[in-house]
Structures are given as structure tokens and as C-alpha cells.
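Engineer:
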Amino acid sequence: MSHTRAILAFCLSGLVVSLGFPSSPANTHSTGGTTDAYTASPIFDELAERAGLKFRHFNGMTGKLFLPEVMGAGAALFDFDNDGDLDVFLVQGSALEASDQLARTPFPWRELGEPRGRLFRNDLAVTKDGSRSLHFTDVTDKSGIVANRYGMGVAVGDINNDGWPDLYLTNLGSNQMYLNKGDGAFVDVTRKTGTDDPRWSTSAVFFDYDRDGWLDLMVVNYADFSVANSPTCYAATSAKDYCTPRAFRAPGNRLFHNKGDGTFEDVTIAAGVDKEFGHGLGVVAADFDGDGWIDIYVANDGDPNQLWMNQRDGTFKNEALLAGAALNRNGQAEAGMGVDAGDFDGNGTEDIFVTHLMDETNTLYMNLGKAIFEDRTREAGLGLPGRRFTGFGTLFFDFDNDGWLDLLVANGAVQLLPDLISKGDPYPLGQPNQLFHNTGKGGFVEVGDQAGAAFQLSEVSRGAAFGDIDNDGDTDVLVTNNSGPARLFMNQVGNRNHWLGLRLVGKNVNRDMLGARVEIVITKNNVLWRRARTDGSYLSANDPRVLVGLGSAVKVDAVRVHWPDGRTEEWKDPSVDRYTTWREGAAPQKK
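Heads up: the sequence shown begins at 0 in numbering that gives the first Met the number 0, then just goes up one per residue.
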């Protein structure tokens, strides 16, 4: 059976919650102590449908093998109503051709109305004894968000510093900026803000590159695709298959500067980020050289990655090749999909992890200091496991709160898998997701067998958003599946270790303090570094709060926040095992 017929055959057959981690020895970065006690119970419990998060992605597939069908979509975890818990936005696809009938595709749209992105309000209930009941309510119709285009990704940031998080939606075609009005509703301000991009945009990131207190916006673009210019492509077997991005011109990315008056200025050329092109899919903004200014890293699909170093004068320079972060250790460009930055080895610098196509490895770039990187994929034990699958959404996060950043990779192929075709799979792209535990000794071990039953499923996973959805002190994960259901992985083990949570609030400017670096001094010989951010992963946005695992430590000497404008504040003897709101220039308030 041909690749195309495997999908089209589906048309003929038709479409066939109580919400922590055993105590472990103190984990100090000076000794590299770790724990494997998480093997005592499943790490995650999948609760999406039970919690009311009912959503299925629609990719508009017709059997013509258009590349956008297999690339979406993303999700966001953000507190849109400021009630203290994380709500959910899920990006939706659509039909690619105007003549397509939604009910006549291989995976028909059977719901009322047209496909559109959905906003779910988190109605978390917590009793006096601490037990939690998680439930989501679909509030899309009341929200004013009309996300009915061919959606790809989402970014979250407070663009007007009013304390209410706003949304930027990337699409195949014109993008959308939605301003949060603070009353449960959003208004489309795309034209007013001047932030549209009519091309195929994928990931985007809000960050303050010039330290003026207003969040700027970087939009990554993938390929110059249209239905009219889409060629017929073939696999090595000579069967028809999805094209690689090489079949399309790379369109270049776009940088918007927030003017602070409700509008943005396109500074792509002025800032110098127009000088390099690539088929961009992932983006992350972090201070890679420790100079206090935010830089940009772009993961490109089949092209050298870009490391845009902030020149502190409103311009950027791509130094990826010289820095050792453009290619893998063999000097090869890889198929970059998702990306994140975090301090996995505890040396105080931002390392980079990029997910890739199967038969390549996912790549771990260790930051040796001053934005000089070394490919340590093989040494970290991530080489062979990554070759088996195609990775997309990912993040450095501490699932067991032992103080070391772990990794999750959301997997799903982009070219039809012969073994699944031979089994009659109607959508032969499914692969299982992966979870890696940081050993604290410079490496990772795969622990998917302990991650829970849903990690044994083969699905076409794409976006992944990370955050503490039930406010119990550990990180949960929302994963999207192309042409499949959303999955909500609730962490069952992390809060059995101690933790510290911070919500950083800016004084009038950059209200979520995105880009702030947090220094957690457990003892003078045990210091952790984290940053406030919503970026990372693939097409998705994450919890802006800073959640730090402490292992068995019940006391922290001090926490220092290095604010984006260069100032530093310290809080001695901070509270642990709770979230604290830290307002810029004021004493922290316990919550």
C-alpha cells in the first residue's frame, strides 16, 4: 500500500480526578547527589478528559500530503483571569484549501461550528486539608478570541504592563495579537499594534531586548508554502511522502520593538536579524553570555541554528558558528524543531537543548561560559535515545524537585513510517514521548517506563507547555497531538521533595519580569540558577512563575533576583514549600 493510500484508506473505513515524592538525601551541586526514588510510583497521571480538557486537533488532511498538516500545533499555560491558577489555550488547525469540506477529510471535523483555538478556564478547588479538585471550563465563546485560521503556535506576555497576560497567535498566514481586557475577554489588536506577519509563522517569544521595560516580540518563520506551490515529494522508497522544508524558500524571521504606546515597530532590518535565513521552528530568549542583556537562539530545520547575541545598542549579531551552537559536533546542520535553555549542569550558565528528526540525535549544547558551547549529547547519554524518534516540544524542568533539571521530549514523525503503514495505521506517524532524569553527574537516563501509562502511547505529539497546574509545588505538562487529543500529565511525585516558588512582579514595567535570573543559595556551596520566562519548547508558552526543587533541604540561606534592568535584590531565609509573590522593590508577600 502506498503512503498516500494508507491515509486515504481511512476515508473508506470511517472513524472507527484526585490530585507528592519520597524524601531523598540532600542534593548539592557540589557533590552531585541524586535520587531515583521516583521509580516507586508513576511519575505522571494523564487527566485531560477527566478534568474537562476536551480538545482534539484538526489538521485538515486531505491525502495530498501538504507539509503544514504535520507541523502543528502548540498550547499555552497562563493565568488569563489572575485568579492564581493556570488556564489553558490550545491552538487549532483548519482546512488548507477553500474547497475542502471539513467532514470529508480522512479525519473529519465532526463538532458543531468551525475548528478554532480554545480557551479553557482552570476552576481549581482546594480544600482546607490541601486536597485538590481540577476542572476546566471552555470559555472560548465568552473570551472574544476568534482563532479560526490555520493555527500553529502561541506566545504569552503582558504587552501593555497592565498586569493581564496577552496572547500572540502564529498561523499559516496572518498572525493575531489579542489584548487581555481584564474582564475575561480579549480584543484583537493585531492591526493597531502593527504585529502581523502574513507568512508561515511558527514559534514566537516575548522578551525585553533593550531593557526599556516593555516586552518586544520575535516571530520565527518556517517556509514559503502555499497550496499552489507545493510540489509532489517522495520517500526513499519512491512512495509519495511529505516534503522536507528544503522544498520551500526560507522566509526569514521578524523582530518587533514595543514602543510603549500600544504599538510595535518592525526593527528586523535595523536590528540586523535580517542577515541570516533558515527554516525556523523554535526560539528561546536568554542571557547566554551573562552580560545582563537578553540574546536569542533560533532552532532551524535543516539549516544552521542562529545565536543572535545582543550588542546592547539595539542590534544583534549571529555568533552561532563561532560559539559552537550552529551545528552538531560533526559539523552538520540538523533538523531543529523544539528548543530550550536552562542550567542543566549547575554551573550558572544557560545551556541549550534542541530536538531533531529521527536518525539524528537531539543535541545538548553545554555552555562553557561567555556563550561558548560544546556538543555534549553523547557524553550526557542523549545520543542513541534521540535517534529513534522525531522530537518537538521539550523543556528543562525538574520533575522530581531534586534540584537538577530534567528533560521531556514530545515525539511524532513528519514522514510516513513504513512499519506503521504495514500495520494499516491510518495516520502512520505515531511515536511515544520520552522523559529523561538528570543524574546530577553531567548526564541523563531515560525513565519513560516510570512516567505513566500515557507515555507508552504512540501519538503524533508536537507542542508541550509546562507549569504547576494544580499549585501543589511540582511541574505538570500539557502535550498537544497533531490530529489527536490533548494530554494533561499531572505530576504525582515532585512535591514529595521540598521546593520554592516565586511569582515575580515588575513595578509598572515588564510585569512578569520575563528574563529575570533567580539565584537560589541553599548553602554557600549549593547554588541553583533559574530564570523567569514563558518561552521554550515548540509553538508553546509556559508558566511564568519560577519553581525550584530543593531536594530534602528544608531551609534556604537566601534568594537573589537579578532584575532585567541590572539591579539585584536579596531575600534572606525565604519561605519554602509555598509560592511567594515578590514585587520589585518591595518585601516578598507569602501566599
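All residues carry an ideal CB built from backbone N, CA and C; glycine is no exception.
Buried or exposed, going by whether 16 or more other CB atoms sit within 10 Å of the CB of residue 23?
Structural biologist: Only weak support is given to the placement of residue 23: the predicted model assigns it a pLDDT of 34, under 50, and the value that follows is read from those uncertain coordinates. Residue 23 is buried by the Cβ-count criterion.
Engineer: For the 8 Å Cβ check, are there 3 or more pairs between the region 207 to 214 and the region 176 to 183?
Structural biologist: no
Engineer: Quick one: what's got a C-beta closer than 8 Å to residue 193's C-beta in the same chain, skipping five residues either side?
Structural biologist: 255, 262, 263, 264 and 265
Engineer: Do you know how far the Cα of residue 180 is from the Cα of residue 439?
Structural biologist: 44 Å
Engineer: Between the alpha carbons of residue 90 and residue 577, how many angstroms are there, rounded?
Structural biologist: 31 Å
Engineer: In whole angstroms, what is the alpha-carbon distance linking residue 345 and residue 355?
Structural biologist: 25 Å
Engineer: Can you tell me where the alpha helix (DSSP H) with residue 191 in it begins and where it stops?
Structural biologist: In this chain, the alpha helix (DSSP H) harbouring residue 191 covers 189 to 192.
Engineer: Can you tell me whether residue 372 is buried or exposed, with buried defined as 16 or more other CB within 10 angstroms of its CB?
Structural biologist: buried
Engineer: Please go through the same chain and pick out, in chain order, the residues whose beta-carbon is closer than 7 Å to the beta-carbon of residue 387, but skip the five residues on each side of it.
Structural biologist: 357
Engineer: Have a look at 298, 274, 317 and 275 and flag the residue whose alpha-carbon is nearest the alpha-carbon of residue 283.
Structural biologist: Considering only 298, 274, 317 and 275, the residue with the shortest C-alpha distance to residue 283 is 298.
Engineer: What would DSSP say about residue 20, mapped onto helix, strand or coil?
Structural biologist: Low per-residue confidence applies at residue 20: pLDDT is 32, beneath 50, and the placement is therefore not dependable enough to give any value.
Engineer: Select from 152, 104 and 81 the residue whose C-alpha is nearest the C-alpha of residue 122.
Structural biologist: Minimum Cα distance to residue 122 is reached at 81.
Engineer: Are residue 411 and residue 481 closer than 8 Å when you measure CB to CB?
Structural biologist: Taking a C-beta distance under 8 Å as the contact criterion, residue 411 and residue 481 qualify as a contact pair.
Engineer: Pull up the distance between the alpha-carbon of residue 359 and that of residue 288, whole angstroms please.
Structural biologist: Spanning the two alpha carbons is a distance of roughly 28 Å.
Engineer: Could you pull the start and end residues of the alpha helix (DSSP H) that residue 420 belongs to?
Structural biologist: 417 to 421
Engineer: Considering only DSSP beta bridges, list what residue 309 is partnered with.
Structural biologist: 315
Engineer: In terms of residues, what are the limits of the alpha helix (DSSP H) holding residue 386?
Structural biologist: 382 to 386
Engineer: Is it buried or exposed for residue 565, if we count other Cβ within 10 angstroms and need 16 for buried?
Structural biologist: By the C-beta density criterion, residue 565 is exposed, having fewer than 16 other C-beta atoms within 10 angstroms.
Engineer: In chain order, what residues of the same chain lie with their CB nearer than 8 Å to the CB of residue 141, ignoring the 5 residues before and after it?
Structural biologist: 183 and 184
Engineer: Which residues in the same chain as residue 242 place their Cβ atom closer than 6 Å to its Cβ, once the five residues preceding and following it in sequence are excluded?
Structural biologist: 66 and 232
Engineer: Check residue 225 in the structure and name its three-state DSSP category.
Structural biologist: coil
Engineer: Note down, one range per segment and in chain order, each beta strand (DSSP E) of at least 3 residues found wholly within the region 436 to 478.
Structural biologist: Runs of the beta strand (DSSP E) lying entirely within the region 436 to 478, each at least 3 residues long, are 443 to 445 and 460 to 466 in chain order.
Engineer: Using a Cβ-Cβ cutoff of less than 8 Å, which residues in the same chain neighbour residue 364 once the five nearest sequence positions on both sides are dropped?
Structural biologist: 323, 324, 350, 351, 352, 353, 372, 373, 374 and 375
Engineer: Please determine, among 403, 278 and 369, the residue with the shortest C-alpha to C-alpha distance to residue 293.
Structural biologist: Nearest Cα to residue 293 within the set 403, 278 and 369: 369.
Engineer: Would you kindly work out how many angstroms separate the C-alpha atoms of residue 531 and residue 206, rounded to a whole number?
Structural biologist: In a straight line, the C-alpha of residue 531 is about 11 Å away from that of residue 206.
Engineer: Could you tell me the alpha carbon to alpha carbon distance between residue 190 and residue 115, rounded to whole angstroms?
Structural biologist: 20 Å
Engineer: If we count the other Cβ atoms within 10 Å of its Cβ and call it buried at 16 or more, is residue 522 buried or exposed?
Structural biologist: exposed
Engineer: Taking the alpha carbon of residue 56 as the reference point, which residue from 582, 504, 462 and 498 has its own alpha carbon closest?
Structural biologist: 462
Engineer: Quick one, are the C-beta atoms of residue 247 and residue 222 less than 8 Å apart?
Structural biologist: Yes. Within cutoff.
Engineer: Taking only the alpha-carbon atoms, compute the straight-line gap between residue 504 and residue 78 and give it to the nearest angstrom.
Structural biologist: 14 Å
Engineer: Which residue from 490, 413 and 442 puts its Cα closest to that of residue 460?
Structural biologist: 413
Engineer: Under a three-way DSSP split, which group does residue 31 fall into?
Structural biologist: For residue 31, the predicted structure reports a pLDDT of 37, less than 50, and the residue's modelled location is therefore unreliable. A value from the coordinates is still provided. Here residue 31 sits in coil by DSSP.
Engineer: Check whether the Cβ atoms of residue 442 and residue 378 lie closer than 8 Å to each other.
Structural biologist: yes
Engineer: Comparing alpha-carbon positions, which option in 285, 259 and 307 lies nearest residue 275?
Structural biologist: With distances taken between CA atoms, residue 275 lies nearest to 307 out of 285, 259 and 307.
Engineer: Pick helix, strand or coil for residue 525, following the three-state DSSP scheme.
Structural biologist: strand
Engineer: Alpha carbon to alpha carbon, how far is residue 422 from residue 83? Give it in angstroms, no decimals.
Structural biologist: 47 Å
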